[in-house]
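Note sheet for the following structure.
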Amino acid sequence: AQTVTQSQPEMSVQEAETVTLSCTYDTSESDYYLFWYKQPPSRQMILVIRQEAYKQQNATENRFSVNFQKAAKSFSLKISDSQLGDAAMYFCAYRSAINTDKLIFGTGTRLQVFP
Amino acid sequence: DAGVTQSPTHLIKTRGQQVTLRCSPISGHKSVSWYQQVLGQGPQFIFQYYEKEERGRGNFPDRFSARQFPNYSSELNVNALLLGDSALYLCASSPTLGARGPNEQFFGPGTRLTVL
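One line per chain: the protein sequences are B and U, in this order. So the first sequence is numbered by this note's numbering: it starts at 1 and just counts up by one. So the second sequence is numbered by this note's numbering: it starts at 1001 and just counts up by one.
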């Protein structure tokens, strides 16, 4: 069975600074997707960034980028130029590549952004 | 375009009662998944439905059931409620089932269920 681990329950960052959130996962599959979701206090889960395991290039979306280390089964999220609106719970998630939409989530990291 | 909608927003029930939660996917989306998010934890997969058929089930007791209608909306039913069923129930929809490529899941705002 696949598992996702987020070892940082809480992180904090100063506005305009950079922060990295950690995620490790365990799987025997070779083809899968990894995601970072943001859940603000409004509860709506929002997709931040997606990485396909068969792509070696790290995904980037504006101020968000990932460091995907397939051999180490590591998938960290870097937020650059942090903004107050980035404050939220961040969840790392795993999905097998074929015939399922089932997401396996980590326990989350609460990110605080200070002015 | 409307996103995924869920009703009701909040619900309070007592132990032993039954509850039905509803989800309307984004127009054109045929796959609906349900997740339970207990306070302070990540969402846990309950069910996935695609084209009105159950295509996946998480590790939840038989008290939990769901169905998908011809218009792709879905209901989650929980019988004989326990205190531990108190959680945020999230619904997510996607265009197809586990397709390769950007088959992104879009989440609804959730239904907060409190069992007293």
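The beta carbon of each residue, even a glycine, is placed where N, CA and C say it ideally should be.
For residue 1071 of chain U, which residues from the same chain have a beta carbon less than 6 Å from its beta carbon, with the 5 sequence-adjacent residues on both sides left out? On the second sequence, position 71 is the one that residue 1071 of chain U refers to. Correct list: empty, nothing qualifies.
Return the chain-ordered ranges of every alpha helix (DSSP H) run that is complete within the segment 33-76 of chain B and spans a minimum of 4 residues. none
Distance cutoff 8 Å, beta carbons only. Does residue 101 of chain B sit that close to anything in chain U? Within the first sequence, residue 101 of chain B is the residue found at index 101, counting from 1. Interface residue, yes.
Is residue 1061 of chain U buried or exposed, if buried means 16 or more other CB atoms sit within 10 Å of its CB? For the purposes of this step, residue 1061 of chain U is identified with residue 61 of the second sequence, where counting begins at 1. Exposed, because fewer than 16 other Cβ atoms sit within 10 Å of the Cβ of residue 1061 of chain U.
Please list the partners that residue 69 of chain B has in chain U, where partner means a Cβ-to-Cβ separation under 7 Å. For the purposes of this step, residue 69 of chain B is taken as the residue at position 69 of the first sequence. Under the 7 Å cutoff, chain U gives no residues; its nearest Cβ is about 21 Å from residue 69 of chain B.
Hey, would you say residue 1091 of chain U sits closer than 8 Å to residue 1038 of chain U, going by beta carbons? As a position in the second sequence, residue 1091 of chain U is number 91, starting the count at 1. As a position in the second sequence, residue 1038 of chain U is number 38, starting the count at 1. No, they are not a contact pair.
List, in chain order, every chain U residue whose beta-carbon is nearer than 9 Å to that of residue 91 of chain B. The residue given as residue 91 of chain B occupies position 91 in the first sequence. Within chain U, the residues near residue 91 of chain B are 1042, 1043.
Let me check one thing: in DSSP terms, what residues is residue 26 of chain B bridge-paired to? The residue given as residue 26 of chain B occupies position 26 in the first sequence. The partner list for residue 26 of chain B (beta bridge, DSSP) reads B/3.
Thinking C-beta only, is residue 1065 of chain U closer than 8 Å to residue 1024 of chain U? Here residue 1024 of chain U refers to the residue found at position 24 when the second sequence is read from its first residue. Here residue 1065 of chain U refers to the residue found at position 65 when the second sequence is read from its first residue. In this structure, residue 1065 of chain U does not lie closer than 8 Å to residue 1024 of chain U by Cβ.
Measure the alpha-carbon distance for residue 97 of chain B versus residue 72 of chain B and round it to whole angstroms. Position 97 of the first sequence holds residue 97 of chain B. Position 72 of the first sequence holds residue 72 of chain B. Distance between the alpha carbons of residue 97 of chain B and residue 72 of chain B is about 19 Å.
Assumed close pair residue 1096 of chain U, residue 1030 of chain U - CB separation to whole angstroms, cut-off 8 Å: As a first step, residue 1096 of chain U is located in the second sequence; it is residue number 96 there, counting from the start. As a first step, residue 1030 of chain U is located in the second sequence; it is residue number 30 there, counting from the start. With a Cβ gap of about 6 Å, residue 1096 of chain U and residue 1030 of chain U count as contacting.
Quick check: the segment 42-50 of chain B against the segment 6-23 of chain B, are at least 3 beta-carbon pairs closer than 8 Å? no
Determine the direct distance from the alpha carbon of residue 66 of chain B to that of residue 75 of chain B, and round the result to whole angstroms. Here residue 75 of chain B corresponds to residue number 75 of the first sequence, with the count starting at 1. Here residue 66 of chain B corresponds to residue number 66 of the first sequence, with the count starting at 1. Going from the Cα of residue 75 of chain B to the Cα of residue 66 of chain B covers about 7 Å.
Going by DSSP, what residue range makes up the beta strand (DSSP E) through residue 18 of chain B? Mapped onto the first sequence, residue 18 of chain B falls at position 18. Segment: none, residue 18 of chain B is in no beta strand (DSSP E) and carries neither H nor E.
Assign residue 1110 of chain U to one of three DSSP states: helix, strand, or coil. Against the second sequence, residue 1110 of chain U aligns to sequence position 110. Reduced to three states, the DSSP call for residue 1110 of chain U is coil.
Show which residues of chain B have a CB atom less than 8 Å away from the CB atom of residue 1104 of chain U. Here the question's residue 1104 of chain U lines up with position 104 in the second sequence. What residue 1104 of chain U touches in chain B: 47, 50.
Excluding the 5 residues preceding and the 5 following residue 1022 of chain U in the sequence, name in chain order all residues of the same chain whose CB lies nearer than 6 Å to its CB. Along the second sequence, one-based indexing puts residue 1022 of chain U at 22. Cβ neighbours of residue 1022 of chain U beyond the five flanking positions: 1007, 1075.
Tell me the rounded alpha-carbon separation between residue 1078 of chain U and residue 40 of chain B. Along the second sequence, one-based indexing puts residue 1078 of chain U at 78. Along the first sequence, one-based indexing puts residue 40 of chain B at 40. Rounded to the nearest angstrom, the two C-alpha atoms are 27 Å apart.
According to DSSP, residues forming a beta bridge with residue 79 of chain B: The residue labelled residue 79 of chain B in the question sits at position 79 within the first sequence. DSSP output for residue 79 of chain B lists B/19, B/64 as bridge partner(s).
Against chain U, with Cβ distances strictly below 8 Å, would residue 44 of chain B count as a contact? Against the first sequence, residue 44 of chain B aligns to sequence position 44. Yes, because at least one Cβ of chain U sits closer than 8 Å to the Cβ of residue 44 of chain B.
Can you list the residues of chain B that residue 1094 of chain U reaches, using a CB-CB cut of under 7 Å? Here the question's residue 1094 of chain U lines up with position 94 in the second sequence. Ordered by position in chain B, the residues that pass the 7 Å Cβ test against residue 1094 of chain U are 101.
By the DSSP assignment, the beta strand (DSSP E) with residue 94 of chain B in it spans what residues? Here residue 94 of chain B refers to the residue found at position 94 of the first sequence. Element bounds for residue 94 of chain B: 88-96.
Give the residues of chain U in contact with residue 107 of chain B, contact being defined as C-beta atoms less than 9 Å apart. Along the first sequence, read from residue 1 onward, the residue named residue 107 of chain B stands at position 107. Per Cβ cutoff of 9 Å: 1040, 1041, 1042.
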